[in-house]
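J.:
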Amino acid sequence: MTAPAATTAPPHATSGSLLSKLEIDVRMLGMLAALAAIWIGFDVLSGGLFLTPRNLWNLSVQTASIAVMSTGMVLVIVTRNIDLSVGAILGVVGMIIGVLQVQWLPAWLGFEHWLTAPIAVVAAVLIGGAIGLFQGWLIAYLAIPSFIVTLGGLLVWRGAAWWVTTGQTVAPMDTRFKALGGGVEGALGATATWVIAAVACGLIVVALGLARRRRIRFGFPVRPGWGDAVIAVFACGAVLAAAAIANAYPLPVGTARRWAEANGIAWPEGGLIIPHGIALPVLIAIVVGLAMTFLARRRRFGRYVFAIGGNPEAAELSGINTRWTLMKVFGLMGLLCGISACISTARLNAATNAAGTLDELYVIASAVIGGTSLAGGIGTIAGAMLGALVMQSLQSGMVLLGVDTPLQNIVVGAVLVLAVFVDGLYRRRIK
Numbered sequence: 029m030t031a032p033a034a035t036t037a038p039p040h041a042t043s044g045s046l047l048s049k050l051e052i053d054v055r056m057l058g059m060l061a062a063l064a065a066i067w068i069g070f071d072v073l074s075g076g077l078f079l080t081p082r083n084l085w086n087l088s089v090q091t092a093s094i095a096v097m098s099t100g101m102v103l104v105i106v107t108r109n110i111d112l113s114v115g116a117i118l119g120v121v122g123m124i125i126g127v128l129q130v131q132w133l134p135a136w137l138g139f140e141h142w143l144t145a146p147i148a149v150v151a152a153v154l155i156g157g158a159i160g161l162f163q164g165w166l167i168a169y170l171a172i173p174s175f176i177v178t179l180g181g182l183l184v185w186r187g188a189a190w191w192v193t194t195g196q197t198v199a200p201m202d203t204r205f206k207a208l209g210g211g212v213e214g215a216l217g218a219t220a221t222w223v224i225a226a227v228a229c230g231l232i233v234v235a236l237g238l239a240r241r242r243r244i245r246f247g248f249p250v251r252p253g254w255g256d257a258v259i260a261v262f263a264c265g266a267v268l269a270a271a272a273i274a275n276a277y278p279l280p281v282g283t284a285r286r287w288a289e290a291n292g293i294a295w296p297e298g299g300l301i302i303p304h305g306i307a308l309p310v311l312i313a314i315v316v317g318l319a320m321t322f323l324a325r326r327r328r329f330g331r332y333v334f335a336i337g338g339n340p341e342a343a344e345l346s347g348i349n350t351r352w353t354l355m356k357v358f359g360l361m362g363l364l365c366g367i368s369a370c371i372s373t374a375r376l377n378a379a380t381n382a383a384g385t386l387d388e389l390y391v392i393a394s395a396v397i398g399g400t401s402l403a404g405g406i407g408t409i410a411g412a413m414l415g416a417l418v419m420q421s422l423q424s425g426m427v428l429l430g431v432d433t434p435l436q437n438i439v440v441g442a443v444l445v446l447a448v449f450v451d452g453l454y455r456r457r458i459k
């Protein structure tokens with residue numbers, strides 16, 4: 029007797045629910061729904077002040093620093109580790125680059141030299157990366173638990189930040205450097221914003237097409253064509269809506285008048301409306317998120333990181349240099365702290381000892397709320413950045429309502445515990 033011929037469903041088989049056909053992460057969809065509920069709730073309670081272009085623009089700028097660090101925290105937690113020192117690293121790097129711009133470089137190059145800002149950024153990245161590599165070496169090669177190393181780092185680097193200037197605030201920053209923090213200097217304007225939005229939409233369509241082509245080429249299941257179209261429409265719609273909101277927030281009248289005078293434009297009787305456009309720190313955060321997503325999903329390093337988090341013993345037996353990989357993870361975390369230090373220092377236009385205080389809690393909370401498992405092996409960069417937006421939305425909304433700082437901390441702590449609880453329920457359900 030001959031066995032009946034096996035039948036295989038086509039790659040675009042129409043079985044399963046709509047979400048499974050579109051390959052949409054249910055947790056991500058839930059986070060978007062929670063974010064929408066938070067925004068609508070605060071808008072109602074604040075009398076329509078929350079969902080204004082001005083507040084949403086400021087919210088995006090305030091989120092950028094935490095979002096950048098949360099992308100690195102995902103990889104740290106995925107490897108079953110933790111980093112409690114990110115806020116202190118931001119603080120000490122911020123103080124060093126502040127002194128660099130105010131005292132050291134002016135003595136060599138003079139004030140407002142065009143090289144000041146690039147040198148400060150490179151110094152921040154190198155110092156942050158060196159601190160991260162050092163802590164990673166202690167964890168990976170000396171087998172000291174990451175909790176202990178980074179807890180010690182929190183105290184050491186926070187003390188070092190004070191030692192750099194003996195507690196003095198350093199200001200102001202270089203004018204070109206201030207653009208990294210947003211504000212008027214870091215607003216890209218309407219034209220650049222629409223160009224960036226158009227390029228982003230084009231990249232979304234191209235990425236979906238390449239992903240579909242790759243799956244067909246290797247015989248993997250693919251979404252139906254209408255599914256890719258729906259995702260492209262929603263993604264491009266979100267990009268264009270964000271660009272429209274950024275351009276709906278005009279420069280203050282005084283600033284617009286000075287800009288017009290500097291550019292030889294006559295000030296009309298009814299005034300001149302000049303949109304802010306997207307802020308430079310927001311663009312930096314988006315670029316970092318895309319780069320980290322590519323690193324985590326498309327490069328060998330990212331696969332090694334998730335393999336270590338899934339099963340460290342099996343990863344080592346398979347030939348992965350787990351110690352070197354772990355050291356690089358912490359080095360990358362330090363490098364991202366350096367970038368965030370530039371954003372935070374530029375935004376304040378000053379280097380202060382308080383910079384980065386409690387940022388480690390917000391960064392960890394962002395990663396966990398974004399779906400990163402504390403047990404290791406699971407996490408997404410996009411989820412962590414969305415988690416950072418959720419955390420900052422809560423804080424911004426409570427500030428808008430005049431909620432006291434102690435109560436804000438209570439709410440943030442409760443949300444973090446609730447997020448971990450819900451995540452645990454979800455993982456037990458899918459098992």
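Mind the numbering: the sequence shown is residues 29 to 459 in this note's numbering, read in order. We put the CB at the ideal spot given by N, CA and C, even for glycine.
1. Would you identify the three-state DSSP class for P309, choosing helix, strand or coil?
2. Are the Cβ atoms of G119 and N437 separated by less than 8 Å?
3. Could you spell out where the alpha helix (DSSP H) holding G181 opens and where it closes?
4. Measuring CB atoms only, is the segment 73 to 83 touching the segment 382 to 401, in the sense that at least three cross pairs come out at less than 8 Å?
5. On the DSSP bridge list, what partners appear for P303?
6. State buried or exposed for L453, treating a residue as buried only when at least 16 other CB atoms are found within 10 Å of its CB.
7. If you reduce the DSSP assignment to three classes, tell me which class A260 lands in.
8. Would you say the segment 333 to 340 touches the segment 366 to 378, given that touching needs at least three Cβ pairs under 8 Å?
9. Write down the C-beta distance between M59 and G411 rounded to the nearest angstrom, noting that I regard them as a contact closer than 8 Å.
10. Would you mind stating whether I124 and V192 have Cβ atoms separated by less than 8 Å?
11. Can you give the Cα-Cα distance for W67 and G265, rounded to whole angstroms?
12. Is it true that the segment 159 to 175 meets the segment 342 to 358, where meeting means three or more beta-carbon pairs spaced less than 8 Å apart?
13. I believe A188 touches N377 by the beta-carbon criterion, under 8 Å. Please report the beta-carbon distance rounded to the nearest angstrom.
14. Can you tell me whether A383 is helix, strand or coil according to DSSP?
15. Going by DSSP, what residue range makes up the alpha helix (DSSP H) through A225?
16. Quick one: any contact between the segment 219 to 237 and the segment 295 to 308, if contact means 3 or more CB pairs under 8 Å?
17. Check each candidate in A263, F205, F175 and name the one with the smallest Cα separation from G232.
18. Which residues does DSSP list as the beta-bridge partners of V198?
19. Label T203 either buried or exposed according to how many other C-beta atoms from any shown protein chain fall within 10 Å of its C-beta, with 16 as the threshold for buried.
20. Please classify G292: does DSSP put it in a helix, a strand, or coil?
21. Decide yes or no for the touch test of the segment 104 to 118 against the segment 384 to 395: beta carbon pairs closer than 8 Å, at least 3 of them.
22. What three-state label does DSSP hand L332 in the structure shown?
23. Please report the straight-line C-alpha distance between V315 and D256, rounded to a whole angstrom.
24. Please state whether the Cβ-Cβ distance between M419 and G317 is less than 8 Å.
25. Using beta-carbon positions only, say whether F205 and A145 come within less than 8 Å of one another.
26. In angstroms with no decimal places, state the Cα-to-Cα distance between L402 and L446.
27. If we ignore side chains and look at the alpha-carbon of each, how far apart do T197 and A393 end up?
28. From R326 to L238, what distance separates their C-alpha atoms?
29. In angstroms with no decimal places, state the Cα-to-Cα distance between R286 and G157.
30. From the DSSP output, in three-state form, read off R108 for me.
31. Name the residue from T408, T80, L84 whose alpha carbon lies nearest to the alpha carbon of M320.
32. List in chain order: all unbroken alpha helix (DSSP H) runs of 4+ residues lying wholly within the segment 78 to 151.
33. Can you tell me whether DSSP reads D71 as helix, strand or coil?
34. Across the segment 77 to 93 and the segment 273 to 289, are there enough close Cβ pairs to call them in contact, namely three or more that are closer than 8 Å?
35. What is the rounded straight-line gap between the Cα of G282 and the Cα of R375?
T.: Let me spell this out:
1. In this structure, DSSP gives P309 a helical state, which the three-state scheme calls helix.
2. No Cβ-Cβ contact shorter than 8 Å links G119 with N437.
3. Judged by DSSP secondary structure, G181 falls within the alpha helix (DSSP H) whose first and last residues are 174 to 193.
4. Contact between the segment 73 to 83 and the segment 382 to 401 is absent, because fewer than three Cβ pairs lie under 8 Å.
5. Paired residue(s): P278.
6. Its Cβ having fewer than 16 others within 10 Å, L453 is exposed.
7. In the three-state reduction of the DSSP assignment, A260 falls in the helix class.
8. Touching, no.
9. Indeed, because the Cβ distance is near 7 Å, the residues count as touching under 8 Å.
10. Yes, the Cβ-Cβ distance between I124 and V192 is below 8 Å.
11. W67 and G265 have their C-alpha atoms some 19 Å from each other.
12. Taking 8 Å as the limit for Cβ pairs, the verdict is that the segment 342 to 358 does touch the segment 159 to 175.
13. Actually they do not touch by this definition, with Cβ atoms about 22 Å apart.
14. A383 falls in the coil class under three-state DSSP.
15. Unbroken alpha helix (DSSP H) run through A225: 217 to 246.
16. Yes, the segment 219 to 237 touches the segment 295 to 308.
17. This sequence places Ile at residue 232; Gly is not what is there. When each option's Cα is compared against that of I232, the closest is A263.
18. BP columns for V198 point to A379.
19. The residue is exposed, with fewer than 16 neighbouring Cβ atoms inside 10 Å.
20. Residue state for G292 is assigned as coil, using DSSP reduced to three classes.
21. Enough Cβ pairs lie closer than 8 Å, so yes.
22. It is worth fixing the name first, because residue 332 is Tyr in this sequence and not Leu. In the structure shown, Y332 falls within a helical segment according to DSSP collapsed to helix, strand and coil.
23. In this structure, the CA atom of V315 is about 23 Å from the CA atom of D256.
24. No, they are not a contact pair.
25. With a cutoff of 8 Å on beta-carbon distance, F205 and A145 are scored as near each other.
26. Within the model, the alpha-carbon separation for L402 versus L446 is close to 14 Å.
27. In a straight line, the C-alpha of T197 is about 29 Å away from that of A393.
28. Separation of R326 and L238 (C-alpha to C-alpha, rounded to the nearest whole angstrom) is 13 Å.
29. Approximately 40 Å, taken between the alpha carbons.
30. Three-state result, R108: coil.
31. Measuring C-alpha to C-alpha distances from M320 to each of T408, T80, L84 identifies T408 as the nearest.
32. Correct list: 81 to 106, 114 to 127, 133 to 137.
33. Secondary structure of D71 (DSSP, three-state): helix.
34. Yes, the segment 77 to 93 is in contact with the segment 273 to 289.
35. Their backbone Cα atoms lie some 20 Å apart in a straight line.
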